[in-house]
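**Student:**
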Amino acid sequence: MAKEFKLTSIRLAELEQELHYLKTTRELEVAEHLKEARSFGDLSENSEYDEAKNEQAQLYGRIAEVENILAHAVIIDDEEDEHEELSGRVGLGCTVKVHDMEADEDETEIYAIVGSQEANPAQGLISDDSPFGRAMLGKTVGDIVDVEAPIGMLRFEILSVERSS
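Each step along the sequence shown adds one to the number in the working numbering, with nothing skipped, and position 126 is 126.
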């Protein structure tokens, strides 16, 4: 069975838009670049042609990747997430405010729990497949959560759970 990709409807639309751009505008740009490089003569010693072929391969690789994600996408059900909010449980699409109990000060952090295709830890978007995401799923406000990380065991208290907008 193929891997499922959990996506929000917003991320799905972004990927569909990217795929359309790659298959239309970008593909024409790469084809033109390839055509221009071919006109420079001997292909065996033509670095522009090699570069254009690599660019074309990267484009087709990205198109295949996006098509695979879209073919196996599982949309995060907004209704299900609303029920998660009502129950106060952490789920996909939720924003979680946590207190780092290992920090010396009252350090709080805010994270959005998202599917793996949307994850960007630098922006506070944490995958549900990550150790932190897995530890948080299903927990409620007030729970103390232990997260096994490469640097050791981390402990967080959940301060709030909200539905991401």
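Backbone N, C-alpha and C fix where the C-beta goes; we use that ideal spot for every residue, glycine too. Computed from a predicted structure; not experimentally measured.
1) Buried or exposed for residue 118, please, with buried defined as at least 16 other CB atoms from any protein chain shown within 10 angstroms of its CB.
2) From residue 13 to residue 59, what distance separates their C-alpha atoms?
3) Just to confirm before moving on: does the CB-CB distance between residue 76 and residue 61 stay below 7 angstroms?
4) Considering only the alpha carbon of each residue, which of 63, 133, 115 lies closest to residue 97?
5) Taking the runs of the alpha helix (DSSP H) that are 4 residues or longer, which of them lie wholly in the stretch 9 to 70?
6) Hey, out of 42, 19, 56, whose CA is closest to residue 63's CA?
7) From residue 145 to residue 90, what does the alpha carbon distance come to, in whole angstroms?
8) Using the C-alpha atoms, what's the distance from residue 113 back to residue 131?
9) Keeping to the same chain, check which residues put their C-beta closer than 6 angstroms to that of residue 99; ignore five residues upstream and five downstream.
**Tutor:** The structure says:
1) Stepping through the sequence shown from its first residue, residue 118 is reached at position 118. Counting Cβ neighbours within 10 Å, residue 118 comes out buried, since at least 16 surround it.
2) Within the sequence shown, numbered from 1, the residue matching residue 13 stands at position 13. Within the sequence shown, numbered from 1, the residue matching residue 59 stands at position 59. Computed Cα separation, rounded: 19 angstroms.
3) On the sequence shown, residue 76 is found 76 positions in, with the first residue counted as 1. On the sequence shown, residue 61 is found 61 positions in, with the first residue counted as 1. No, these two residues do not count as a Cβ contact at 7 angstroms.
4) Taking the sequence shown and counting its residues from 1, one reaches residue 97 at position 97. Comparing Cα positions, the closest option is 133.
5) 9 to 21, 27 to 38
6) Here residue 63 refers to the residue found at position 63 when the sequence shown is read from its first residue. Closest by alpha carbon: 19.
7) Taking the first residue of the sequence shown as 1, we reach residue 145 at position 145. Taking the first residue of the sequence shown as 1, we reach residue 90 at position 90. Approximately 12 angstroms, taken between the alpha carbons.
8) Counting from one through the sequence shown, the residue named residue 131 turns up at place 131. Counting from one through the sequence shown, the residue named residue 113 turns up at place 113. Going by the C-alpha atoms only, they are around 12 angstroms apart.
9) Residue 99 sits at position 99 when you count from the first residue of the sequence shown. So the list reads 108, 157, 159, once near-sequence residues are dropped.
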